[in-house]
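Residues in the sequence shown are numbered consecutively from 1, following our numbering.
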Amino acid sequence: MTRKSILTFLAASLFISLFADEITIREYIYAGPYEVKKPFLIDSVNVNSKKFTEQELLETPLSFCNLETHGQTLQASSSGEILLSAPETDYALNLLSFYVHSDRYTEGELSVKGPEQIEIYVNGRLEKTGNQKISLTLEPKSYQVTIKSLARKNHPDTIRVAMDMKYGAVLTTSTSPKRPYMLDDVTDGKRIQSASISPDGKYISVQFAETFPGGDKHNYSQILDRNTGHVLSELEGDAKGARWMPKSSRLYYTKRGMKGRDLITIDPVTRSEKTLAYNLPEGSFRVSPTEDYLLFTIQEKGPAERKDIQEVLVPDDRQPNWRNRMFIHKYDLSTGMLQRLTYGYHSAFVNDISQDGRYLLFSSSEPFLTERPFRRLSLYQMDLQTLQTDTILAQAKFVNRALFSPDGKQLLISGSGDAFDGIGLRINEGQTSNTSDGQLFLYNLADRQVIPLTTEFNPSVDRAVWNKQDNRIYIAAKDRDYVRLYSLQPEKGTIHSIPVQEEIVSGFDLATTAPEMVYYGLSISNSERLYGLNLKKETSTCLADLSKEILTDVQLGDTRDWNFVSEAGDTIYGRYYLPPHFDPAKKYPLIVNYYGGTTPTARVLESRYPSHVYAGMGFVVYIVQPSGATGFGQEFSARHVNAWGKQTAEEIIEGTLQFCEAHSFINKEKIGCMGASYGGFMTMYLQTKTDIFAAAMSHAGISDIISYWGEGYWGYSYSALASADSYPWNARDMYTLQSPLFSADKINTPILFLHGEADTNVPVGESIQMFTALKLLGKPTAFVKVKGEDHHILDYDKRIRWNNTIYAWFYKWLKDQPEWWDALYPPKTL
Numbered sequence: 001m002t003r004k005s006i007l008t009f010l011a012a013s014l015f016i017s018l019f020a021d022e023i024t025i026r027e028y029i030y031a032g033p034y035e036v037k038k039p040f041l042i043d044s045v046n047v048n049s050k051k052f053t054e055q056e057l058l059e060t061p062l063s064f065c066n067l068e069t070h071g072q073t074l075q076a077s078s079s080g081e082i083l084l085s086a087p088e089t090d091y092a093l094n095l096l097s098f099y100v101h102s103d104r105y106t107e108g109e110l111s112v113k114g115p116e117q118i119e120i121y122v123n124g125r126l127e128k129t130g131n132q133k134i135s136l137t138l139e140p141k142s143y144q145v146t147i148k149s150l151a152r153k154n155h156p157d158t159i160r161v162a163m164d165m166k167y168g169a170v171l172t173t174s175t176s177p178k179r180p181y182m183l184d185d186v187t188d189g190k191r192i193q194s195a196s197i198s199p200d201g202k203y204i205s206v207q208f209a210e211t212f213p214g215g216d217k218h219n220y221s222q223i224l225d226r227n228t229g230h231v232l233s234e235l236e237g238d239a240k241g242a243r244w245m246p247k248s249s250r251l252y253y254t255k256r257g258m259k260g261r262d263l264i265t266i267d268p269v270t271r272s273e274k275t276l277a278y279n280l281p282e283g284s285f286r287v288s289p290t291e292d293y294l295l296f297t298i299q300e301k302g303p304a305e306r307k308d309i310q311e312v313l314v315p316d317d318r319q320p321n322w323r324n325r326m327f328i329h330k331y332d333l334s335t336g337m338l339q340r341l342t343y344g345y346h347s348a349f350v351n352d353i354s355q356d357g358r359y360l361l362f363s364s365s366e367p368f369l370t371e372r373p374f375r376r377l378s379l380y381q382m383d384l385q386t387l388q389t390d391t392i393l394a395q396a397k398f399v400n401r402a403l404f405s406p407d408g409k410q411l412l413i414s415g416s417g418d419a420f421d422g423i424g425l426r427i428n429e430g431q432t433s434n435t436s437d438g439q440l441f442l443y444n445l446a447d448r449q450v451i452p453l454t455t456e457f458n459p460s461v462d463r464a465v466w467n468k469q470d471n472r473i474y475i476a477a478k479d480r481d482y483v484r485l486y487s488l489q490p491e492k493g494t495i496h497s498i499p500v501q502e503e504i505v506s507g508f509d510l511a512t513t514a515p516e517m518v519y520y521g522l523s524i525s526n527s528e529r530l531y532g533l534n535l536k537k538e539t540s541t542c543l544a545d546l547s548k549e550i551l552t553d554v555q556l557g558d559t560r561d562w563n564f565v566s567e568a569g570d571t572i573y574g575r576y577y578l579p580p581h582f583d584p585a586k587k588y589p590l591i592v593n594y595y596g597g598t599t600p601t602a603r604v605l606e607s608r609y610p611s612h613v614y615a616g617m618g619f620v621v622y623i624v625q626p627s628g629a630t631g632f633g634q635e636f637s638a639r640h641v642n643a644w645g646k647q648t649a650e651e652i653i654e655g656t657l658q659f660c661e662a663h664s665f666i667n668k669e670k671i672g673c674m675g676a677s678y679g680g681f682m683t684m685y686l687q688t689k690t691d692i693f694a695a696a697m698s699h700a701g702i703s704d705i706i707s708y709w710g711e712g713y714w715g716y717s718y719s720a721l722a723s724a725d726s727y728p729w730n731a732r733d734m735y736t737l738q739s740p741l742f743s744a745d746k747i748n749t750p751i752l753f754l755h756g757e758a759d760t761n762v763p764v765g766e767s768i769q770m771f772t773a774l775k776l777l778g779k780p781t782a783f784v785k786v787k788g789e790d791h792h793i794l795d796y797d798k799r800i801r802w803n804n805t806i807y808a809w810f811y812k813w814l815k816d817q818p819e820w821w822d823a824l825y826p827p828k829t830l
């Protein structure tokens with residue numbers, strides 16, 4: 001029987017236990033026998049004075065892939081035994097395997113009775129050698145158990161495998177690898193880091209990062225044929241970060257040579273290399289459009305003080321390396337001369353270079369702490385032949401950066417609606433703009449007239465590129481919980497949606513001399529894919545499908561959009577996730593997830609809180625997009641400003657109640673909620689307003705708006721957005737009444753606080769003080785800090801432990817299964 005045939009037996013292969021009685025495995029995948037021979041014994045013992053035994057034969061490496069490629073299904077007898085025929089040779093190896101899935105955390109034993117010489121593997125890891133029992137700990141996910149045995153001539157073997165687990169775990173055994181989506185699927189595997197297309201549109205460079213079980217990583221690049229997707233070459237070492245030259249369709253990178261840092265170009269097909277320059281200065285650089293010079297950004301260290309005692313000059317001076325500055329230099333490739341272009345106290349940053357290579361567009365910003373947004377930007381145009389510099393914008397507010405038009409006569413400027421005295425605003429009277437809602441403006445260099453381009457465009461602009469090939473502006477923008485691509489005709493001001501194959505576009509790049517684009521992204525139920533897109537036909541071709549490999553054997557539950565109309569009359573968007581094998585007659589615990597701040601919870605398979613993982617554990621997950629999020633229009637996002645939970649919390653509560661009423665399969669007594677950062681604030685704030693949640697999780701949440709405003713690296717500057725022109729001295733009610741800490745006595749929901757100890761965005765004290773308050777009030781709570789981690793938990797092992805902590809918390813409170821939590825954090829007597 002082939003491996004494909006085996007999968008058709010899925011229904012017949014299930015064996016379910018509803019209690020902790022012994023489970024006998026009834027069906028296996030078998031591969032073998034594989035002949036193995038005794039080696040020639042040169043000596044009676046080895047270098048360690050050990051005699052040769054049959055154990056050496058058992059330890060002969062044998063690929064478990066044989067189970068997939070050559071496996072057949074074997075049924076056990078009524079007594080649970082499998083009879084394996086004796087080999088015709090002196091010795092042979094046999095492989096037996098099955099899959100087991102537990103619905104909860106459980107502990108117990110797995111016993112194998114049969115041949116004398118066996119090895120037991122769980123998920124490919126050797127657990128035991130010998131005919132004995134092994135202790136087994138199962139989390140609520142799928143495992144593959146493999147038994148490798150040594151058979152002898154004229155000695156048929158019988159094998160019987162049984163499992164005895166605790167806590168009433170529901171175990172499912174099967175010969176099919178089909179399983180729910182798991183955390184391993186999020187952390188492990190290959191992902192796209194970036195993708196770019198050659199100027200002529202013929203080749204694509206893709207940078208990959210592959211993470212292996214255990215956390216080891218491998219970074220490399222591939223060059224693909226744009227039309228076929230075939231891999232032309234793979235780049236390793238220094239070349240793995242190679243980028244395209246602006247016009248010659250060759251890649252470039254730097255490496256350490258005999259004369260210092262060398263600049264190398266590579267032919268994408270032949271991989272022939274050419275050295276353009278030797279002994280480059282240190283620092284990042286970009287190649288000019290004319291390919292005859294480089295623009296370097298070089299760091300200069302600022303004045304140092306004693307490490308143990310330091311004067312802090314401004315709030316940002318607490319940040320490491322804040323006193324260092326960046327300056328621009330021009331490096332001539334023909335002479336090797338490094339011409340300094342900027343000098344002074346404030347850093348300078350390259351924005352763009354004109355297509356003819358003559359003009360540099362650069363910016364410099366300086367703090368302006370007495371007025372929002374606490375920083376002002378000046379924009380300059382420099383003639384690189386004479387170094388004559390014109391000031392385009394002087395100390396502009398709410399402006400981010402600028403790009404040249406292909407003809408160099410106009411600029412594309414990004415910022416918020418407040419830029420240029422608010423000419424791009426579309427908010428209600430009395431509202432303050434959400435400055436993270438990205439807008440675009442057209443600036444005419446001749447008469448200095450500014451035209452807003454996206455005032456009537458609800459999506460929030462993330463990135464924009466002015467393409468010289470067709471003179472159109474290409475935009476990636478948040479559209480509700482999607483990230484879509486658009487093209488804008490600057491002469492008409494019209495914006496057109498480009499059809500793409502993914503719900504979230506993670507990145508894109510344009511060819512400069514051909515109507516071609518490359519983009520990559522993912523969606524609600526698939527991982528990353530890479531596409532080539534013809535801009536004239538607007539047709540996409542899939543060039544690489546990472547999702548196919550990542551989701552092999554994964555069974556996802558259904559996802560459905562679900563919106564509701566709030567009492568205020570607004571449509572509040574959302575979606576929900578169902579467990580695999582969903583049964584509408586059952587009652588499921590519900591987890592409500594939200595951000596509640598400026599960024600909508602995107603429709604991505606992979607995230608810090610991967611909804612399909614929770615669904616695979618038997619939870620229904622409801623994602624709600626409340627007021628304040630960008631991507632729904634400026635008026636909607638402006639509701640975030642000076643609100644701190646107002647309306648947002650009401651919509652989350654209202655949506656949760658309406659969702660439960662509309663879906664009879666929800667257990668209304670077992671509803672959990674979770675969020676991070678501002679969403680962590682929302683978790684705490686919600687519990688001061690309602691008791692509908694049975695458990696809550698706050699990661700890196702804000703408990704006191706006042707302390708966060710003053711202590712976080714970006715507390716005061718984020719407050720320029722969220723608390724515009726409001727300070728503890730002029731808005732006391734908002735800073736106290738909206739801070740969950742000041743209403744801690746109203747909280748009855750068990751809250752888990754998670755926080756990185758090295759969090760510079762939201763200091764760990766925000767969790768500590770709320771945890772302390774709830775402990776003093778005698779309320780159920782827990783606090784877990786993660787050493788060495790910042791706002792995001794990035795370390796591989798810590799990330800797994802951190803996620804398991806959240807899962808175990810919800811299992812404890814929403815499923816009445818505290819065993820996982822107690823195993824992670826055993827009860828202690830203080």
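Here a beta-carbon is modelled for each residue, glycine too, at the ideal position from N, C-alpha and C.
Counting only the same chain and skipping the five closest in sequence on each side, list residues whose C-beta sits under 8 Å from that of residue i.
i	result
I16	Legend: pLDDT at I16 = 39, less than 50; position of this residue unreliable, no value from coordinates given.
I524	E503, T559, R575, R603, V604 and L605
S288	P246, L294, L295, I353 and G357
M734	N642, W644, I705, S723 and S726
I800	L183 and T187
Which of the three DSSP states is assigned to residue i in this structure?
i	result
P589	strand
F640	It is His, not Phe, that sits at residue 640 in the sequence shown. Of the three classes helix, strand and coil, the one that applies to H640 here is coil, per DSSP.
R318	helix
Q658	helix
P600	coil
G229	coil
R358	coil
K548	helix
Q193	strand
R801	helix
G201	coil
L425	coil
K828	coil
A86	coil
Taking residue i as the reference, which of the options has the closest Cα?
i	options	result
R271	E282, S677, K259 and V231	V231
I192	E528, H792, V613 and P827	E528
P199	E516, I671, I623 and F783	E516
S248	S233, D292, Y708 and G260	D292
M258	Y278, W244 and Y252	Y278
A643	G229, E635 and G628	G628
P763	S677, E549 and A92	S677
I751	M682, S416, T599 and I159	M682
E661	Y380, F564 and R256	F564
N324	G336, T297, P281 and Q339	T297
Y609	G679, A782 and E549	G679
F441	Q385, D418 and A31	D418
F632	R480, D759 and N730	R480
Identify, in the order they occur along the chain, each residue of the same chain with its Cβ nearer than 6 Å to the Cβ of residue i, setting aside the five sequence neighbours on each side.
i	result
V624	G574, Y594, I652 and G655
W820	Y105, A808 and Y811
R873	Since the displayed the chain opens at 1 and closes at 830, residue 873 lies outside it and no answer follows.
If you drop the 5 nearest sequence neighbours on each side, which residues of the same chain put their C-beta closer than 7 Å to that of residue i?
i	result
W802	L754, V786 and I793
Are any of the Cβ atoms in chain B nearer than 8 Å to that of residue i?
i	result
F508	Of the protein chains in the structure, only one exists, and it is not chain B.
Any contact of the region 219–237 with the region 200–210, i.e. 3+ C-beta pairs under 8 Å?
-> yes
At least 3 beta-carbon pairs within less than 8 Å: the region 663–681 vs the region 484–494 | no
Touching by the beta-carbon criterion (3+ pairs, under 8 Å), the region 698–706 and the region 760–775 | yes
Unbroken stretches of the alpha helix (DSSP H), 4 residues or longer, contained in the region 693–773 = 705–711, 715–722 and 732–737
Three-pair Cβ contact test at 8 Å for the region 549–565 versus the region 577–584 = Yes, since at least three Cβ pairs between the region 549–565 and the region 577–584 fall closer than 8 Å, the two stretches touch.
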